[in-house]
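Colleague: Per our numbering, the very first residue in the sequence shown carries number 141; after that it's consecutive. Below are the structure tokens for one structure; questions will follow.
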Amino acid sequence: MSTDSIEKPKQISSGRITFILGSLMAFGPLSIDMYLPGLPDIARDFNSDAGTIQYTLSFFLIGMAAGQTFYGPIADRLGRKLPLLFGCALYIIASLGCALSTSAVNLIALRFIQAIGCCAGMVITNSVVRDLFDARDSARMYSMLYLVTGLAPITAPFIGGYLVLYSNWRMIFWVLAIFGCACLLMVIFYLPETLPADRRTSGGLGKVIVSYGRILTTRGFVGYALCGGFIAGIMFAYISGSPFVFIELYGIAPHHYGWLFGMNAFGLVCGSQLNRLLLRRYNNIAIMRTVLWVIAASGLALVLLALTGTGGLIGLIIPLFLCISSIALVGANAVALALSPYKKGAGTASAMMGTIQLAMGAGSGTLIGVLHTGTAMPMAGIIGLCALAALITFYTMTEQRIRQPSSAS
């Protein structure tokens, strides 16, 4: 199919689009969560210390941040399909390289390249949704995508653990390469080009910089992007802090921790589907306004319970579940509202939003380690602060109405 052949939304099977875009968005969670059970074996195989092997994750996140800014402008200039094909191909090659790597340094470099490939699916997926749907319908689609991608953090650690148990850590990257091949074939044969030629941007690096500058000075975009960033901060603080809190502080066995993690991931999926139902009656802003108060209240409760120790482990699990389950409703609507004005330049705007979210999420995860006190307070405190900051940002930096699409670039 020609990349200039545009299918209208009504001609595209929603189930097909959801499955393809969900698979592309799953690149990131699968690439992070699936290989974690193999980290000790990787360290032993390369005769390296754990700190060195941790750089395979750090450089992956750096690659994701770099890729965010790379793909958006290119997707706005060349269309969605060609950059997706390039990203999938790069991901496959890097995954094969990871499986065949002979040193820790080699693996670290290849993980960086793998992340740049994986970013294509994560960034351009948002742009494809924006091409096809308005703000309310796009929020419904994002909720469906959260359902599909929500399965990744639930299943990936179990898959990785069994691959290490019955084979070795290299098999994880072979499986990721196969997954990349499947996504490449789906993009080639089943995903149409969604950006018409008359909506594509032109110009070089200078225009890209100007476009980013214009986006960053758009009050509504920055407000919703920061809301999404603080929500990402909550999620990364939970991911980074919960293993210590549950396993070391409260003595939960690692395999039982997997069930707790899965419970909250299931809550995230349920929140996504609740958002779809609510969008039938309420607009994006009304949903965000209400849910941000719920998140702020649960974040405050988490801080107070962690500070006083009231309720022990159960006292932490309940507000955590409520908070994590609720963030799906904010995340989908924040993305939809931030990108809604951009008929032109949706890829650039999507890339900028992704960079903001990733940077703020990574920052909160880093603070967990810096503020480590041997208690649950670092995790609870950062979650509470991010929840409060998201609420304040919503009321002070966003427009309290649905904006109409423009040709902003």
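In this text, a Cβ means the ideal position worked out from N, Cα and C, and glycines have one as well. Since we're looking at a predicted model, the values are computed, not measured.
Report the three-state DSSP secondary structure of Glu-388 (helix, strand or coil).
Modeller: Here Glu-388 sits in helix by DSSP.
Colleague: Apart from the five residues on each side of it in sequence, which residues of its chain come closer than 6 angstroms, Cβ to Cβ, to Ala-166?
Modeller: Excluding sequence neighbours, Ala-166 sits near Thr-289, Ala-292.
Colleague: Can you give the Cα-Cα distance for Gln-497 and Leu-418, rounded to whole angstroms?
Modeller: Using only the alpha carbons, I get a separation of about 24 angstroms.
Colleague: How close, in whole Å, do the beta carbons of Arg-220 and Ser-267 come, if the pair is a contact with beta carbons under 8 angstroms?
Modeller: Contact flag correct, Cβ pair sits at about 6 angstroms.
Colleague: Quick check on the DSSP output: what are the complete beta strand (DSSP E) runs of length 3 or more inside the segment 209–234, in order along the chain?
Modeller: Taking only runs of at least 3 residues, no beta strand (DSSP E) segment lies wholly in the segment 209–234.
Colleague: Go through its chain and collect everything with a Cβ distance to Ile-214's Cβ below 7 angstroms, but skip five positions before and after it.
Modeller: The residues are Pro-223.
Colleague: Could you tell me the distance, in whole angstroms, from the CA atom of Ala-520 to the CA atom of Pro-459?
Modeller: Spanning the two alpha carbons is a distance of roughly 10 angstroms.
Colleague: How is the alpha helix (DSSP H) around Leu-272 delimited, first residue to last?
Modeller: Here the alpha helix (DSSP H) through Leu-272 covers 244–272.
Colleague: What is the C-beta distance between Leu-411 and Ser-466, in whole angstroms, given that I count them as a contact (C-beta under 8 angstroms)?
Modeller: According to the sequence as given, residue 411 is Gly; it is not Leu. At roughly 6 angstroms, the Cβ-Cβ gap stays under 8 angstroms, so Gly-411 and Ser-466 are in contact.
Colleague: Can Gly-212 and Ser-504 be called in contact, C-beta distance under 9 angstroms?
Modeller: No, Cβ-Cβ distance for Gly-212 and Ser-504 is not below 9 angstroms.
Colleague: I'd like to know whether the C-beta atoms of Ala-234 and Ile-182 end up nearer to each other than 9 angstroms.
Modeller: Not a contact, by the Cβ cut-off of 9 angstroms.
Colleague: Is Tyr-175 helix, strand or coil when you go by DSSP?
Modeller: If DSSP states are grouped into helix, strand and coil, Tyr-175 belongs with coil.
Colleague: Report yes if the CB atom of Thr-488 is closer than 9 angstroms to the CB atom of Tyr-282, and no otherwise.
Modeller: No.
Colleague: Short of 6 angstroms in beta carbon distance, which residues of its chain neighbour Ala-468, apart from the five on each side in sequence? Order them along the chain.
Modeller: Once the five neighbours on either side are set aside, the close Cβ partners of Ala-468 are Tyr-286, Leu-408, Gly-411, Ser-412.
Colleague: List the whole-angstrom C-beta distance separating Ile-508 from Ser-380, where the pair is believed to meet the contact cut-off of C-beta under 8 angstroms.
Modeller: Rounded, the Cβ-Cβ distance is 4 angstroms, consistent with contact.
Colleague: Quick one: what's got a C-beta closer than 8 angstroms to Leu-442's C-beta in the same chain, skipping five residues either side?
Modeller: Around Leu-442: Leu-456, Pro-459, Leu-460, Cys-463, Ala-520, Ile-523, Gly-524.
Colleague: Quick one: complete alpha helix (DSSP H) runs, 4+ long, within the segment 435–508?
Modeller: Segments of the alpha helix (DSSP H) lying fully in the segment 435–508: 452–479.
Colleague: Using only alpha-carbon positions, find the residue among Arg-184, Phe-210, Thr-158, Leu-444 that is nearest to Thr-265.
Modeller: The candidate whose alpha carbon is nearest that of Thr-265 is Thr-158.
Colleague: Quick one: Cα of Ala-322 to Cα of Gln-254, how far?
Modeller: Cα-Cα distance, rounded: 16 angstroms.
Colleague: Give me the Cβ distance between Ala-437 and Ala-516, rounded to the nearest whole Å; I'm assuming they're in contact under 8 angstroms.
Modeller: Incorrect: roughly 18 angstroms between the Cβ atoms, too far for contact.
Colleague: Taking the Cβ atom as the reference point for each residue, do Gly-474 and Met-428 lie within a distance shorter than 9 angstroms?
Modeller: Here residue 474 turns out to be Ala, not Gly, going by the sequence shown. Taking 9 angstroms as the Cβ cut-off, Ala-474 and Met-428 qualify as a contacting pair.
Colleague: Can you give me the Cβ contacts of Ser-550 inside the same chain, cut-off strictly under 7 angstroms, excluding the 5 residues immediately before and after it?
Modeller: Within the shown structure, residues of the chain are numbered from 141 to 549, placing residue 550 beyond reach of any answer.
Colleague: How is Ile-146 classed by DSSP in three states: helix, strand or coil?
Modeller: Low per-residue confidence applies at Ile-146: pLDDT is 49, beneath 50, and the placement is therefore not dependable, though the value from the model is reported in the following sentence. Correct three-state label for Ile-146: strand.
Colleague: From Asp-277 to Thr-430, what distance separates their C-alpha atoms?
Modeller: Computed Cα separation, rounded: 19 angstroms.
Colleague: Under a three-way DSSP split, which group does Ser-278 fall into?
Modeller: If DSSP states are grouped into helix, strand and coil, Ser-278 belongs with the helices.
Colleague: Are the Cβ atoms of Gly-373 and Phe-534 separated by less than 9 angstroms?
Modeller: Contact: no.
Colleague: Taking the alpha-carbon positions, what's the Asn-187 to Cys-258 distance?
Modeller: Their Cα atoms are separated by approximately 28 angstroms.
Colleague: Output the distance between the C-alpha atoms of Arg-251 and Arg-421, rounded to the nearest integer angstrom.
Modeller: Going from the Cα of Arg-251 to the Cα of Arg-421 covers about 44 angstroms.
Colleague: Provide the residue span of the alpha helix (DSSP H) that contains Ala-520, from first to last.
Modeller: Taken as a continuous stretch (DSSP letters only), the alpha helix (DSSP H) holding Ala-520 covers 517–537.
Colleague: Any idea what DSSP makes of Leu-170, helix, strand or coil?
Modeller: Leu-170 falls in the helix class under three-state DSSP.
Colleague: Where does the unbroken alpha helix (DSSP H) through Leu-164 begin, and where does it stop?
Modeller: Element bounds for Leu-164: 154–165.
Colleague: DSSP state of Gly-369, grouped into three classes?
Modeller: Residue state, collapsed to three classes: helix.
Colleague: So, with DSSP's three-state summary, where would you put Thr-295?
Modeller: Note: Thr-295 maps to helix in three-state DSSP.
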